[in-house]
Every structure is written in structure tokens, then in C-alpha cells.
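Peer 1:
Numbering (the numbering used here), first residue to last: 83 to 373.
1) For a test of the three-state rule: what should DSSP assign to residue 218, helix, strand or coil?
2) Taking 8 Å as the threshold (C-beta atoms), are residue 95 and residue 86 in contact?
3) If you drop the 5 nearest sequence neighbours on each side, which residues of the same chain put their C-beta closer than 8 Å to that of residue 167?
4) Assuming residue 223 contacts residue 185 under a Cβ cut-off of 8 Å, what Cβ separation, rounded to an integer in Å, is found between them?
5) Rounded to whole angstroms, what's the CA-CA distance from residue 89 to residue 97? Just pull it up for me.
6) Quick check: what's the CA-CA separation for residue 272 versus residue 299?
7) Is DSSP giving residue 179 helix, strand or coil here?
8) Measuring alpha carbon to alpha carbon, tell me which of 169, 164, 102 and 244 ends up nearest residue 92.
9) What is the residue span of the alpha helix (DSSP H) that residue 329 lies within?
10) Please work out which residues of its chain come closer than 8 Å, Cβ to Cβ, to residue 113, disregarding the five sequence neighbours upstream and downstream, and give them in chain order.
11) Please state whether DSSP places residue 158 in a helix, a strand or coil.
12) Along the beta strand (DSSP E) that carries residue 271, what are the first and last residues, could you check?
13) Taking the beta carbon of residue 205 as the centre, do at least 16 other beta carbons fall within 10 Å, making it buried, or is it exposed?
14) Looking only at its chain, what residues have a beta carbon closer than 8 Å to the beta carbon of residue 266, apart from the 5 residues adjacent to it on each side?
15) When burial is assigned at 16 or more other CB atoms within 10 Å of the CB, is residue 131 buried or exposed?
16) Would you check if the distance between the CB atom of residue 317 and the CB atom of residue 121 is smaller than 8 Å?
17) For residue 344, which residues in the same chain have their Cβ closer than 8 Å to its Cβ, ignoring the five residues on either side in sequence?
18) How far does the alpha helix (DSSP H) with residue 304 in it reach, from first residue to last?
19) Residue 328 to residue 139, Cα distance in whole Å?
20) Thinking residue 251 and residue 275 are a contact (beta carbons under 8 Å), I'd like their distance in whole angstroms, please.
21) I need the straight-line Cα distance from residue 175 to residue 340, nearest angstrom please.
22) By Cβ distance below 6 Å, which residues in the same chain neighbour residue 262 in space, the five residues on each side in sequence not counted?
23) Please tell me whether residue 278 and residue 253 are closer than 8 Å, where the distance is taken between their beta carbons.
24) Using C-beta distances below 6 Å, list every residue in its chain close to residue 83, excluding the 5 sequence neighbours before and after it, in chain order.
Printed below as a string of C-alpha cells:
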């Protein structure tokens, strides 16, 4: 991977990452080793995913120098707060068996429900503990996930260290234009989780557009999704379980989507998975905090 985005601290991050939010990765270092062999150098995990251990094992067995890899993990809702964040980090870095983490993130800005009135204070308490980890050299930089502009504003106006990234659900049919523009305006790189879309495959409104563009450009629908995000300055983090798909997801730097087609994809009907599942609740942590 020789394509990079520049973060607001001057460091460079690969333009495509590898996502590990999937049960098949929970006890499967082999798939991650295969991804490393395919050329991935940026890996995304989280305490919630239960994939920190296999990721750490794969990194150690890969033979790739740690300095060549970008590792990102996140603390979950029940790990937030001044008393919890440091302990959450210790659990994560012990599971990874690493000396440092490249990006440490808040996974979600607030709990669901009207009773969550103190989310601003909780976010800031958590962030200040994370800033201490940066000053200690155990974390290189900080980021957030699922933060909308009003969540980001709370951090930007009150914190010492600016987030370098904001990870959001982003794909054609769910572009979150206001959120991504706010990120760019504040020199924060937007990242895309579920960059290939979510929900019932080929059953959402707008897929006919993607199929037509796939034929026009001679690329798969998945490659059209990824190229669309890259041209909009968004860093995608696709998942893949086979080598063929891993390689295909990296093979998106040899074509450009026209400006007109980018506009069409930006404003095609909404296809967010959450819209198909209105009763979805944010999951609770599955992992034992002592693991």
C-alpha cells in the first residue's frame, strides 16, 4: 500500500484499512495474516469486537516491523469516564501485546435514550484520560467514532489534542455530507465503516446505479463503493474473508469515477442499514473486562 492520507499531526496513514468487526476474526489470526500478506498495513479493531488478541498475534507472526503497521482500537461506552478509560486502555494494549497504539478512539459519543444528559462531560472526562496516554507515549494520536458535528464540537472547543479521524458509517446511499464536510473543515480525516454498505445485499434502493457504474468502469460494485469514498477524501475500512476479496479491495487506484457520477452516488436514495432496522439498539459489551 503506497497511497496515504496525511493526518493533522503530519503523520501518514494508508488510504485503505482492514476492518476486523466480524465473528470470523475473533479467533482467527490466519485471516489477518493473509490480509497483511496482501499488503494491508492499517488495521482497525475495538474492545467490543473481541479481535484485539488475534490481531496482536498476527502482527507478531507476520514478520513485519511494528513501525510499518498502523493499529487502531477503541474503548466502548461502558469503558468511558475518568475512572474507566485508563483501565480500558490497559486491557486493550495487553490483549494486543503491543507497546503502543497508533490511534486510540472513543467508540460512541453517547448512550441511547433521553436519560443520557451528561454525555458532554463524560466524553471530555474520557478524552482527557486519553490525552494523558498520548503524553506518556503509549498512544500516538487520538480519534473518535460515530461522532456527528455537535459531538465533535464539544471535543474541539474543550480539548488540548484534536482528533485525527472520525469513523462513521459512510457509503453510497449514506454519505453523511454534513458530517464529512465538518470533519474536513476541521482537518479531521473521515473514515468509513461498512464502506461496502450494510443490510440485505442488492435489495436496497439505489443498487441499480452501482450495478450500472460497475459495468461502465469495468469494476465490481464493491470497488465502485471504495473508489467513491476515496475520491471524496474518505478512508474506507472494508472487511474481507477471502484473499480474492482482500486483493480486490486494494485494487481501486487505477481508475477515476467522473465528477457527474460522484455527484449521483453522493445523492442517491438513502440505503443505511439502520433505516431498515429502526428497533436496533447499540450493543452492550460482550467481552469480560478482565480478559
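Each residue gets a CB set at the ideal place from its N, CA and C atoms; glycine is no exception.
Peer 2: The relevant details are as follows:
1) The answer is coil: DSSP assigns residue 218 none of H, G, I, E or B.
2) The Cβ-Cβ distance between residue 86 and residue 95 falls below 8 Å.
3) Counting only Cβ-Cβ distances below 8 Å, and skipping sequence neighbours, we find 157, 161, 207, 208, 211 and 212.
4) Sure, about 5 Å apart at Cβ, within 8 Å.
5) Cα to Cα, residue 89 sits roughly 11 Å from residue 97.
6) So the alpha carbons of these two residues sit roughly 25 Å apart.
7) Of the three classes helix, strand and coil, the one that applies to residue 179 here is coil, per DSSP.
8) Ranked by Cα distance from residue 92, the first of 169, 164, 102 and 244 is 244.
9) If you look at residue 329, you'll find it in the alpha helix (DSSP H) that goes 325-332.
10) Hits under 8 Å: 106, 107 and 323.
11) Residue state, collapsed to three classes: coil.
12) For residue 271, the enclosing beta strand (DSSP E) stretches over residues 271-275.
13) Buried: at least 16 other Cβ atoms inside 10 Å.
14) Its chain contains 272 and 315 as the residues whose beta carbon lies nearer than 8 Å to that of residue 266, once the 5 sequence neighbours on both sides are disregarded; these appear in chain order.
15) Counting every other CB atom within 10 Å of its CB across the protein chains shown gives residue 131 a total of 16 or more, marking it as buried.
16) Taking 8 Å as the cut-off, the Cβ atoms of residue 317 and residue 121 do not count as close.
17) Counting only Cβ-Cβ distances below 8 Å, and skipping sequence neighbours, we find 310, 313 and 314.
18) Start and end: 303-313.
19) One alpha carbon belongs to residue 328, the other to residue 139, and they sit about 19 Å apart.
20) That belief holds up - the Cβ atoms of residue 251 and residue 275 are roughly 6 Å apart, short of 8 Å.
21) Roughly 43 Å separates the two Cα atoms.
22) Within the same chain, 272 come within 6 Å of residue 262 by CB-CB distance, once the 5 residues on both sides are set aside.
23) The answer is yes: Cβ separation under 8 Å.
24) Answer for residue 83: 96, 121 and 123, listed in chain order.
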